[in-house]
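Peer 1:
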Amino acid sequence: LDTVSIAQDEFLAVVASDHRLAGQGEIHIRKLADEPFIMSKAGCKPLIASMFRKAKIVPKTQFEVIDLRTIFAMVQEGMGITIVPEMALPEDCSGLHVMSLSPKYFRKLAFATPSLVALTPAVAEFRNEVKRWIQS
158 LDTVSIAQDE FLAVVASDHR LAGQGEIHIR KLADEPFIMS KAGCKPLIAS
208 MFRKAKIVPK TQFEVIDLRT IFAMVQEGMG ITIVPEMALP EDCSGLHVMS
258 LSPKYFRKLA FATPSLVALT PAVAEFRNEV KRWIQS
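What the sequence shown shows, in the numbering used here, is residues 158 to 293, in sequence order.
1) Would you mind reading off the limits of the beta strand (DSSP E) that contains Pro-242?
2) Please go through the same chain and pick out, in chain order, the residues whose beta-carbon is closer than 7 Å to the beta-carbon of His-245, but skip the five residues on each side of it.
3) Would you mind reading off the limits of the beta strand (DSSP E) that contains Met-236?
4) Please list, in chain order, all residues of the same chain as Gln-233 whose beta carbon is under 7 Å from its beta carbon, the five residues on each side excluded.
5) With DSSP collapsed to three states, give me the class of Lys-265.
6) Ordered along the chain, which non-local residues of its own chain (more than five positions away) have a Cβ less than 8 Å from that of Val-287?
7) Looking at Asp-175 and Pro-271, is the spacing between their C-beta atoms short of 9 Å?
8) Please report the distance separating the alpha-carbon of Lys-202 from that of Ala-281.
9) Taking DSSP as the reference, what is the three-state secondary structure of Lys-213?
10) Note the first and the last residue of the continuous beta strand (DSSP E) segment covering Val-161.
11) Work out the CA separation of Val-255 and Gly-182 for me, nearest whole Å.
12) Run the CB neighbour count on Ala-206, radius 10 Å, all protein chains shown included, and call it buried at 16 or more, exposed below.
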């Protein structure tokens, strides 16, 4: 199996726009320890859990939700805060305040194929299209 790194996707903290932490552009992950947390049950849960473990924090998880739209609606309503990758943010972030985490955390996105040497034209074009989409 051959892999090619395509991009890094930064994890960001998301709070309601009227939340007491909303005035900050960057926040240390430890400052999230006492906040009610909405955990994504989708693919990033292990990565987010690992961030908290590395920071020696047990999040106050109030809800575990699969659908990101539901998570963002709950955050807007003040039901908790969350951490999501930048690419998962909605196009319209009204009602939300997004902050970089300190330290920064990333997920790596990669393209995997049985062989980079023997790519079919369709797979090669798909790989190129994914790279263009991520860079835009």
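Glycine included, C-beta positions come from ideal geometry on N, C-alpha and C.
Peer 2: On the basis of the data shown:
1) Within the sequence shown, the letter at position 85 stands for residue 242. Residues 239–242.
2) Here residue 245 is taken as the residue at index 88 of the sequence shown, counted from 1. First, the residue type needs correcting, since residue 245 is Ala and not His in the sequence shown. So the qualifying residues of the chain are Leu-225.
3) Residue 236 sits at position 79 when you count from the first residue of the sequence shown. Premise fails: Met-236 is in no beta strand (DSSP E) and is neither H nor E.
4) Numbered from 1 along the sequence shown, position 76 holds the residue referred to as residue 233. Counting only Cβ-Cβ distances below 7 Å, and skipping sequence neighbours, we find Ala-173, Gly-252 and Leu-253.
5) Taking the sequence shown and counting its residues from 1, one reaches residue 265 at position 108. Of the three classes helix, strand and coil, the one that applies to Lys-265 here is strand, per DSSP.
6) The residue labelled residue 287 in the question sits at position 130 within the sequence shown. Taken in chain order, the residues that qualify are Ile-163 and Phe-268.
7) Numbered from its first residue, the sequence shown carries residue 271 at position 114. Numbered from its first residue, the sequence shown carries residue 175 at position 18. No, the Cβ-Cβ distance between Pro-271 and Asp-175 is not below 9 Å.
8) The residue you call residue 202 lines up with position 45 of the sequence shown. The residue you call residue 281 lines up with position 124 of the sequence shown. Their backbone Cα atoms lie some 31 Å apart in a straight line.
9) Your numbering for residue 213 matches position 56 in the sequence shown. Correct three-state label for Lys-213: coil.
10) Residue numbering aside, residue 161 sits at position 4 when the sequence shown is read from its first letter. 159–173 is the span of the beta strand (DSSP E), which, as asked, contains Val-161.
11) One-based indexing of the sequence shown puts residue 182 at position 25. One-based indexing of the sequence shown puts residue 255 at position 98. Those two C-alpha atoms are separated by around 8 Å.
12) As a working note, residue 206 is residue 49 in the sequence shown. Counting Cβ neighbours within 10 Å, Ala-206 comes out exposed, since fewer than 16 surround it.
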